[in-house]
Structure formats: C-alpha cells, structure tokens
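Participant: The listed protein sequences correspond, in order, to chains A and B.
FYI, in UniProt numbering the residues of the first sequence are 1 to 218.
FYI, in UniProt numbering the residues of the second sequence are 1 to 218.
Attaching a single structure in structure tokens format; questions to follow.
Number of protein chains: 2
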Amino acid sequence: MRDAYTDQLDELAGALAGMCEDVATAMEKATRALLEADLKLAEQVIDEDLKIDEIRHAAEEKAFALLVLQAPVATDLRIVVSAIHGAGDIERMGDLALHVAQAARRRHPQPVLPAEIAPYFAEMGRIGVELARKAVSVIETRDLAAAAELESDDDAMDDLHKHMFTVLMDRNWDHGVEAAVDVTLLARFYERYADHAVAVARRIVYVITGQMPGPLAV
Amino acid sequence: MRDAYTDQLDELAGALAGMCEDVATAMEKATRALLEADLKLAEQVIDEDLKIDEIRHAAEEKAFALLVLQAPVATDLRIVVSAIHGAGDIERMGDLALHVAQAARRRHPQPVLPAEIAPYFAEMGRIGVELARKAVSVIETRDLAAAAELESDDDAMDDLHKHMFTVLMDRNWDHGVEAAVDVTLLARFYERYADHAVAVARRIVYVITGQMPGPLAV
C-alpha cells in the first residue's frame, strides 16, 4: 500500500513538472511568434493552451484522489496541497503565454513591438522561460538552492518591467498610444508569468522547510 | 465529533466570506481614492492589505487542520479544497485593490484619470464591488441562482474593459501616453478582480453540483 502511495505522490509531482515544462515551451514559442510576427506559431500556442488546461484538471483529480484514498498528513499533505496551488499557478502561466500569442495574432502581419523595444521582450521571454524551467527542476529535485535562484532571476524580470515604463514615459516615445498599450500589457504578462513561476518554487520551499519565504511583491 | 467538524467547516466558510467582504470594501475605498485623488484613503487600503494576507494565511491553516484532523471525503473534501482555492482568489482580489490604491497614491495630488474617463472606472468599481459582495452571498448561501448572476455581471465588466481599449485607440485620445498606460493597467486590474470573484463563485457551484461551469475567458 505504502508503495502505491509513494508512486501516486511521484506521479503527481511528475504531472506538475510536465505541465510546467509545457508552459515554458508555450512562452518560448509565444515570444518567438511575438518577435518574428509568426502567425502559425502564435496559433499553435493558442491551440495548445487547451491541452494545458486539461492537464491541470487531471493533476487536480490526482491530488483529489490522493486526499480521499490516502488521507495524507504532515509533509505528504503539504505536498498535495502545494501541488493543487502549483497547478493553478502553472495554468495561469499558460494563460499568460496564450495572451502573448494572441497579441502576436491580433496585429499580424504587423509586428506588435517597435523595433528598438523588441530586444527587451526577447530578454523578458528568455528570463521567463528560464524561470519556468528552473521551477521544473525545483519540483523534480526539491533543491532549495535552485529555488533561491528563481528569486534573483525574478528581480531581473522586475527591473526590465520597470524599465519598460521608463521607456514608455519618455517624452521621445513616438510610437503612439496603440503601441504603448500593447507594450504595457505585454510587459505585465511577462512579469506575472515570472511571479507565478516563483510562487511554484516557493510552495516547494514551504514543503521542504515548513516555512513560506517572505511575501512576493505583486 | 461530527458537530465539532461541522462547526469547523462553517468557520472556514465564514473566514472566506469575511475575507471576501474585506476585499469588496478595499476595492470600494480604492475606487473612491482613485476618483477623488484621496491620498489618505489610498494609504488606508495599502495598509489594510497586510491584514487580508494574514486572514488568507489563517484560512489556509484552518483548511489544513481540517484535512489533517478530519480527513474529509466527498462533498466535504470538495468544500475544503474549494476554500483553499477561494482564499487564493480572494487574496489576489485584495492585491488588485491595492494596485488601484497605489496608482492613486503614485499620481497624487494629480488625478490618475482624465475627467471623461473617470465615469467608466466608477462603473467598473461599482460592478467589481458588487461581484465581490455577491460572491460573499454565494459562499454563505450556496445559492446557484446567485452564482449565475455573477457571470452576467462579469460580462458587463468585460464590455467596459473592451470599451476602454476602443477609447484608448481612438485618434482623438489627447491625454498622452502616461495616462494611456495608467488606464490600460487600471482597466486590467478591475477586469481581473471581477474574474477572481467569478472564480470564487464557480468553485462553490462545483461544490454543489460536482461540475465546474465552462471555462472563464481570461
């Protein structure tokens, strides 16, 4: 019985890690679609989001079954509850990748971003995807040092996010209001994506240490 | 034993309803602070957000204790898991009210919104607060008809949100990029606030019917 139980816990962690890997790939593709005005890639991300939602549902069902059949306590219970939270965060990361892809599709064949802004988003995309992949590794290894790395990566994302506002508020901004609105929302999507990746890692820290790290600035 | 258990479940629902009432009040005050450039009120909302975060933590602890001590199954388990999700949604609603208050504080003593845009935000605030209060009543009464009402109220919020973009994209927008960025983010905060209120109600529907309503557009 105990073995089946451990298998179920491992399966749950595996489902979560797989889902997190999927949203990393989704954001990678969405960023490429955004930067290269690639409609086909944007549509692929949009189609695949349904799959992510289904996996989340399946992960929650697994967690639910574990709670009913095994009535876990202590650390095991924390793992299951963290998985429920984590699945929510990861689904939201998928939604945010979807929003990036939708922006690319909406403006196609025009590029969404002014040429000199694009490199910032390439960097936000790179950091976001790296955060998601590090969250995968934290889920798999429960490595506290890796979890701490996510926090400093997220600081880099926050700095880029803030910098975007400086660029937007600059009197020399000559790309008009529509581009400003797009940049505002897209920068927010990347920043929130990163926040959710950090939240996933923080839940794992909580499982290991019993303590939540300090609050995440939102 | 069974009585203490029912009491604990009721207490958990009560904590959730109280927290949801708090974030309704927070958004009510934040909207007034925004519309009236009221710094003191903005700072009150900002200070009180910490309390909401603490209540969320306490609600999660209650849910956790219930899972450990009572190992609930079937509907009771669904209630506890829904409460864990709901607490997350409601805390996020508090964060969004906080963001509105922070915008009011950041631009003080200037108003954030151009005068002709303000009425739309008065209305978004009104709908948002109403949604939160309806969610309170759904938590307390588990009334499916009330839960359905939230969906149509949310449609009204989505329409206003979309309309804001039409206003922003209009060639006659003459309030500059800074105001456009503020309006873009604020409209998004209200729309997300409403989405989370709907998500809370949907979780209750799931508890009652065993079925999640169709996906929420995000």
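Virtual Cβ for every residue (Gly too), placed ideally from N, Cα, C.
Hey, could you find the ends of the alpha helix (DSSP H) B/H85 is sitting in?
Facilitator: 74-107
Participant: Counting contacts by CB-CB distance shorter than 8 angstroms, is B/M1 in contact with chain A?
Facilitator: Any reading at B/M1 must be qualified, since the residue scores a pLDDT of 49, below 50, and its modelled position is unreliable; the value itself is stated next. No, B/M1 does not count as interfacial toward chain A.
Participant: 8 angstroms is my cut-off, CB to CB: does B/T184 come that close to chain A?
Facilitator: With 8 angstroms as the cut-off, B/T184 counts as an interface residue toward chain A.
Participant: So which residues of chain B does A/I84 contact, with C-beta pairs closer than 7 angstroms?
Facilitator: V81, I84
Participant: Apart from the five residues on each side of it in sequence, which residues of its chain come closer than 7 angstroms, Cβ to Cβ, to A/L35?
Facilitator: Cβ contact annotation for A/L35 (same chain, cutoff 7 angstroms, sequence separation greater than five): A118, F121, A122, in chain order.
Participant: Output needed for B/M93: all residues of its chain with C-beta closer than 6 angstroms, excluding positions within five of it in sequence on either side, in chain order.
Facilitator: Same-chain partners within the cutoff: V23, Y193, H196.
Participant: Three-state secondary structure (DSSP) at A/I204?
Facilitator: helix
Participant: Does A/G125 come within less than 8 angstroms of chain B when only Cβ atoms are used?
Facilitator: no
Participant: Have a look at A/G128 and A/M157 and give me their C-alpha separation to the nearest angstrom.
Facilitator: In a straight line, the C-alpha of A/G128 is about 8 angstroms away from that of A/M157.
Participant: Quick one: is B/L67 buried, meaning 16 or more other Cβ sit within 10 Å of its Cβ, or exposed?
Facilitator: buried
Participant: Could one say the Cβ of B/R188 lies closer than 8 angstroms to chain A's Cβ atoms, at least one of them?
Facilitator: Chain A, which has a Cβ nearer than 8 angstroms to the Cβ of B/R188, makes this yes.
Participant: Check the Cβ-Cβ distances between B/F64 and every residue of chain A, and say whether any is below 8 angstroms.
Facilitator: It does: the Cβ of B/F64 has a partner Cβ on chain A nearer than 8 angstroms.
Participant: Give a yes or no on whether the C-beta atoms belonging to A/A179 and A/A101 are separated by under 8 angstroms.
Facilitator: no
Participant: To the nearest angstrom, report how far apart A/E116 and B/I84 are at their CA atoms.
Facilitator: 44 angstroms
Participant: Express the C-alpha separation of B/A145 and B/C20 in angstroms, rounding to a whole number.
Facilitator: Approximately 19 angstroms between the Cα atoms of the pair.
Participant: Using 8 angstroms as the threshold, is the C-beta distance between B/A13 and B/I139 below it?
Facilitator: Yes, Cβ-Cβ distance for B/A13 and B/I139 is below 8 angstroms.
Participant: Residues of chain A with CB under 7 angstroms from B/L113, in chain order?
Facilitator: Those within 7 angstroms of B/L113 in chain A number zero; the least Cβ separation is about 15 angstroms.
Participant: At which residues does the alpha helix (DSSP H) containing A/E43 begin and terminate?
Facilitator: 39-70
Participant: Which of helix, strand or coil does DSSP assign to B/R142?
Facilitator: coil
Participant: I need the DSSP call for A/L113, collapsed to helix, strand or coil.
Facilitator: coil
Participant: Roughly how many angstroms lie between the CA atoms of B/H57 and B/I90, to the nearest whole one?
Facilitator: 12 angstroms
Participant: Helix, strand or coil: which one does DSSP assign to A/R171?
Facilitator: If DSSP states are grouped into helix, strand and coil, A/R171 belongs with coil.
Participant: Taking the alpha carbon of B/Y190 as the reference point, which residue from B/A135, B/R126, B/P109, B/T141 has its own alpha carbon closest?
Facilitator: Answer by Cα proximity: B/R126.
Participant: Compute the distance between the beta-carbons of A/I204 and A/R133, then report whether it is under 8 angstroms.
Facilitator: For A/I204 and A/R133, no; Cβs fall outside 8 angstroms.
Participant: Which word fits A/P109, buried or exposed, when buried means at least 16 other C-beta atoms lie within 10 angstroms of its C-beta?
Facilitator: exposed
Participant: Within this structure, are the beta carbons of A/R106 and A/I46 separated by less than 8 angstroms?
Facilitator: no
Participant: Secondary structure at A/G210, three-state DSSP: helix, strand or coil?
Facilitator: coil
Participant: Taking only beta-carbon atoms, is B/L67 less than 8 angstroms away from chain A?
Facilitator: yes
Participant: Quick check: what's the CA-CA separation for B/R32 versus A/F165?
Facilitator: 25 angstroms
Participant: When the distance is taken between beta carbons, is A/R188 closer than 8 angstroms to B/L185?
Facilitator: yes
Participant: Kindly give me the distance between the Cβ atoms of B/L168 and A/V181, rounded to whole angstroms, as I take these residues to be in contact under 8 angstroms.
Facilitator: 6 angstroms
Participant: Who are the near neighbours of B/D38 in its chain, counting only those whose CB is closer than 8 angstroms to its CB and skipping five residues on each side?
Facilitator: Taken in chain order, the residues that qualify are R32, A104.
Participant: Would A/V218 count as contacting chain B if we go by Cβ distances under 8 angstroms?
Facilitator: The pLDDT assigned to A/V218 is 49, lower than 50, so where the model puts this residue is not dependable, and the model offers no usable value.
Participant: Please confirm if B/V129 has its CB atom under 8 angstroms from at least one CB of chain A.
Facilitator: no
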